[in-house]
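Top to bottom, those sequences are chains A and B. Okay, so the first sequence: first residue is 1 according to the numbering used here, each after it adds one. Okay, so the second sequence: first residue is 1 according to the numbering used here, each after it adds one. All residues carry an ideal CB built from backbone N, CA and C; glycine is no exception. Working notes, structure below.
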Amino acid sequence: MSIKGKAYIAGIYEHPTRLAKDLSLAQIHAEVAKGALEDAGLTKDDVDGYFCAGDAPGLGPMSMVEYMGLKVRHVDSTDTGGSSYVLHVGHAAEAIAAGKCKVALITLAGRPRAEGMATGTVPRSRGGTPTPDEPFEFPYGPTVVNMYAMCAMRHMYEFGTTSEQLAWIKVAASHHAQYNPHALLKDVVTVEDVVNSPMISDPLHRLDCCVITDGGGAIVVVAPEIAAKLKRPKIKLLGASEFIKTQMGGKVDLTYSGARFTGAAAFAEAGVKPSDIKYASIYDSFTITVLMQLEDLGFCEKGKGGAFVADGNLISGTGKLPFNTDGGGLCSNHPANRGGLTKVLEAVRQLRGEAHPKVQVKNCDLAIAHGTGGSLGLRHGSATVILERE
Amino acid sequence: MAETKERKLPAPATSPETQAYWDAAAKGKLLVKKCTSCGQAHHYPRALCPFCFSDKTEWVESSGKGTIYSFSVMRRAPVPYAMAYVTLAEGPRMVTNIVDCDFDKLKCEQPVKLVFKPTDGGPPLPMFTPA
Ligand SMILES: [Zn+2]
Chain A
1 MSIKGKAYIA GIYEHPTRLA KDLSLAQIHA EVAKGALEDA GLTKDDVDGY FCAGDAPGLG
61 PMSMVEYMGL KVRHVDSTDT GGSSYVLHVG HAAEAIAAGK CKVALITLAG RPRAEGMATG
121 TVPRSRGGTP TPDEPFEFPY GPTVVNMYAM CAMRHMYEFG TTSEQLAWIK VAASHHAQYN
181 PHALLKDVVT VEDVVNSPMI SDPLHRLDCC VITDGGGAIV VVAPEIAAKL KRPKIKLLGA
241 SEFIKTQMGG KVDLTYSGAR FTGAAAFAEA GVKPSDIKYA SIYDSFTITV LMQLEDLGFC
301 EKGKGGAFVA DGNLISGTGK LPFNTDGGGL CSNHPANRGG LTKVLEAVRQ LRGEAHPKVQ
361 VKNCDLAIAH GTGGSLGLRH GSATVILERE
Chain B
1 MAETKERKLP APATSPETQA YWDAAAKGKL LVKKCTSCGQ AHHYPRALCP FCFSDKTEWV
61 ESSGKGTIYS FSVMRRAPVP YAMAYVTLAE GPRMVTNIVD CDFDKLKCEQ PVKLVFKPTD
121 GGPPLPMFTP A
């Protein structure tokens with residue numbers, strides 16, 4: 001069974017906050033849920049499926065279902081880090097196609113800034129029973145940034161990728177962020193700004209990294225018969241795929257991500273190819289994340305990502321592949337340190353024609369959203385969705 | 001940048017499944033798990049082979065020779081350190097650190113050799129230094 005054409009994204013909402021000192025975590029989940037349902041023209045009582053990941057307080061979906069006063073017959077709290085919400089869109093479509101729910105609500109929220117979390121630069125142990133990998137990794141000091149940096153280092157070694165090429169990814173994101181009033185970083189930056197920013201973990205500079213923000217977002221996925229009754233543009237799901245990429249028992253290969261598999265599968269299900277895509281939301285925890293995913297999704301040949309992203313090729317109106325036109329995680333928002341949900345949101349805005357006029361892609365009828373969660377250099381969960389404006 | 005100050009390393013959380021690995025580390029030996037069914041070595045060590053799922057796995061001693069697969073010097077740390085994957089001569093690539101060296105001269109595919117560094121109340125950690 002395919003999910004092609006079996007579900008639609010009817011409602012989206014992104015919380016405008018980037019620093020949520022005065023909001024509780026549960027409250028942000030509820031506020032974004034309310035926003036997305038209102039956007040769709042639905043109410044809380046229409047929701048019969050709820051999806052969340054590890055950012056939601058409590059055991060799986062239970063506390064949030066109670067807090068929001070939901071009555072649901074289908075839940076899914078699969079957690080693959082920041083890619084979870086891209087994966088949830090696919091799972092929601094599967095559940096809808098199987099008749100398990102008709103209105104699926106997906107929420108994300110977090111307050112890492114308000115809580116003063118050292119997100120990227122301090123090694124973290126999860127506590128409790130250690131994962132089997134933990135004794136062989138945690139004592140060495142793996143952080144978010146140095147594990148992604150090792151992917152960049154190897155990419156540079158194998159393919160000759162340069163810091164300047166990686167910097168173009170941030171430059172493109174900053175060109176888009178200047179038009180987003182909610183973006184944390186609104187200043188346009190240059191390649192020089194990026195490569196001259198302080199080195200965090202070689203070869204990644206401060207401006208190769210995404211922002212740390214509070215906030216959240218929500219998505220409402222509905223059955224075709226529900227979408228038909230709503231007044232919003234119909235955004236149809238054409239393909240979805242997920243994959244867990246690991247160290248493979250020591251056969252580590254840092255040159256590619258799980259997008260190699262999710263891209264191929266999602267494109268096959270959708271019956272389209274990378275060159276058909278008008279707009280791409282690509283997970284951007286770091287510049288290297290974008291570069292590797294673009295290669296793995298098939299937008300360019302493996303190893304040629306550096307040349308592909310250079311010279312403004314990702315800038316809307318200028319380049320061949322407009323990406324992350326909201327400013328992405330690199331400049332606008334990376335709520336809860338999980339950037340997958342906002343990737344879906346901007347893809348939907350583009351398909352609806354509701355992106356900022358300065359970055360809106362003309363005749364945008366086909367878009368991709370892709371997420372990478374966990375650690376690109378240790379183990380990560382990849383998820384891809386392909387969306388079409390009907 | 002030369003390594004000057006000593007980092008304090010947390011003790012690894014040992015388990016019955018990998019106690020032999022840490023006991024060997026305490027004696028200055030690096031063990032690798034090898035499967036007698038499919039013949040392949042893996043890391044981190046498991047009771048069941050992650051390639052063929054056989055439970056016929058045994059410990060073999062590593063030569064301690066390897067090459068740097070990739071690395072990154074964590075500049076934003078109280079004491080900067082070099083995170084790395086090292087490809088062991090036995091095959092598997094392992095998460096480790098490169099120590100006792102000039103971080104600015106590290107390169108991918110550089111030959112390295114095994115050293116051990118003490119942890120805070122636990123067995124020492126296998127690390128590598130330029131050969
Ligand atoms: Zn085996």
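query	result
Is any heavy atom of ligand 1 found at a distance shorter than 6 angstroms from the C-beta of Cys331/A?	no
To which residues of the same chain is Ala24/B closer than 6 angstroms at the C-beta, ignoring the five residues directly before and after it?	Leu31
Is it true that the region 134–147 of chain A meets the region 163–181 of chain A, where meeting means three or more beta-carbon pairs spaced less than 8 angstroms apart?	no
Hey, quick one: how far does the beta strand (DSSP E) through Met83/B stretch, first residue to last?	Tyr81 to Leu88
Tell me whether Ala7/A is buried or exposed, calling it buried when 16 or more other Cβ atoms sit within 10 Å of its Cβ.	buried
Can we count Cys52/B as close to ligand 1, meaning its CB is less than 6 angstroms from some heavy atom?	yes
Would you give the residue range spanned by the beta strand (DSSP E) that Phe128/B belongs to?	Leu125 to Pro130
Buried or exposed: where does Thr80/A fall if 16 or more other Cβ atoms within 10 Å of its Cβ makes it buried?	buried
With DSSP collapsed to three states, give me the class of Met68/A.	coil
Along the region 190–205 of chain A, where does the CB come closer than 9 angstroms to a CB of chain B? Name the residues.	Pro198, Met199, Ile200, Ser201, Asp202, Pro203 and Leu204
Could you tell me whether the Cβ of Glu3/B comes closer than 7 angstroms to any Cβ of chain A?	Low confidence applies to Glu3/B: its pLDDT is 48, below 50, so where it sits in the model is not reliable, and the reading given next is rough at best. No - not a single Cβ of chain A is within 7 angstroms of the one on Glu3/B.
Taking the continuous alpha helix (DSSP H) assigned at Val344/A, which residues delimit it?	Gly340 to Arg352
What are the complete alpha helix (DSSP H) segments, minimum 4 residues, inside the region 247–317 of chain A?	259–270, 287–297 and 305–309
Below 8 angstroms on the Cβ atoms is my guess for Thr342/A versus Asp214/A; work out the distance and round it to an integer in Å.	So it is not a contact: roughly 13 angstroms between Cβ atoms.
If we require 3 or more residues per run, which beta strand (DSSP E) segments fall completely within the region 78–134 of chain A?	103–110
Since Leu297/A contacts Gly339/A with CB under 8 angstroms, what's their CB separation in whole angstroms?	Wrong, their Cβ atoms sit about 16 angstroms apart, outside the cutoff.
Say yes only if the C-beta of Cys38/B is nearer than 6 angstroms to one or more non-hydrogen atoms of ligand 1, and no if none qualify.	yes
Whole angstroms are fine: how far does the CA of Ser72/B sit from the CA of Lys186/A?	29 angstroms
Three or more beta-carbon pairs under 8 angstroms between the region 42–52 of chain B and the region 203–218 of chain A, yes or no?	no
Please give the ranges of any beta strand (DSSP E) in the region 48–118 of chain B, keeping only runs that are unbroken, at least 3 residues long and fully inside the region.	57–61, 65–74, 81–88, 93–98 and 111–117
Reducing DSSP to helix, strand and coil, say where His380/A ends up.	strand
Going by the DSSP bridge assignment, what does Ile368/A pair with across the sheet?	Ala280/A and Ile386/A
Residues in the region 251–278 of chain A with C-beta within 8 angstroms of chain B's C-beta atoms, listed in sequence order?	Lys251, Val252 and Leu254
Going along the chain, which residues of the region 54–79 of chain B sit with their C-beta nearer than 9 angstroms to a C-beta in chain A?	Tyr69, Ser70, Phe71, Ser72, Val73, Met74, Arg75, Arg76 and Ala77
Based on DSSP bridge pairs, tell me the residues matched to Asp23/B.	According to DSSP, Asp23/B bridges with nothing at all.
DSSP puts Leu204/A in a beta bridge; with which residues?	Ser201/A
Tell whether a beta-carbon distance below 7 angstroms holds between Ala223/A and Lys304/A.	no
Check whether the Cβ atoms of Ser174/A and Cys52/A lie closer than 7 angstroms to each other.	no
Using a beta-carbon distance below 7 angstroms, is Gln110/B in contact with chain A?	no
Once DSSP output is grouped into helix, strand and coil, what is the label at Cys52/A?	coil
Could you say which of Tyr85/A, Asp39/A and Ile106/A lies nearest to Val72/A if we only look at CA atoms?	Ile106/A
Counting C-beta neighbours from all protein chains within 10 Å, is the total for Thr143/A 16 or more, i.e. buried, or is it exposed?	buried
Between the C-alpha atoms of Arg232/A and Val252/A, what's the straight-line distance to the nearest angstrom?	45 angstroms
Mind checking whether the beta-carbon of Cys52/A lies closer than 6 angstroms to any heavy atom of ligand 1?	no
Assuming the contact rule is C-beta atoms closer than 8 angstroms, Asp208/A and Met153/A should be a hit. Round their C-beta distance to whole Å, please.	Wrong, their Cβ atoms sit about 12 angstroms apart, outside the cutoff.
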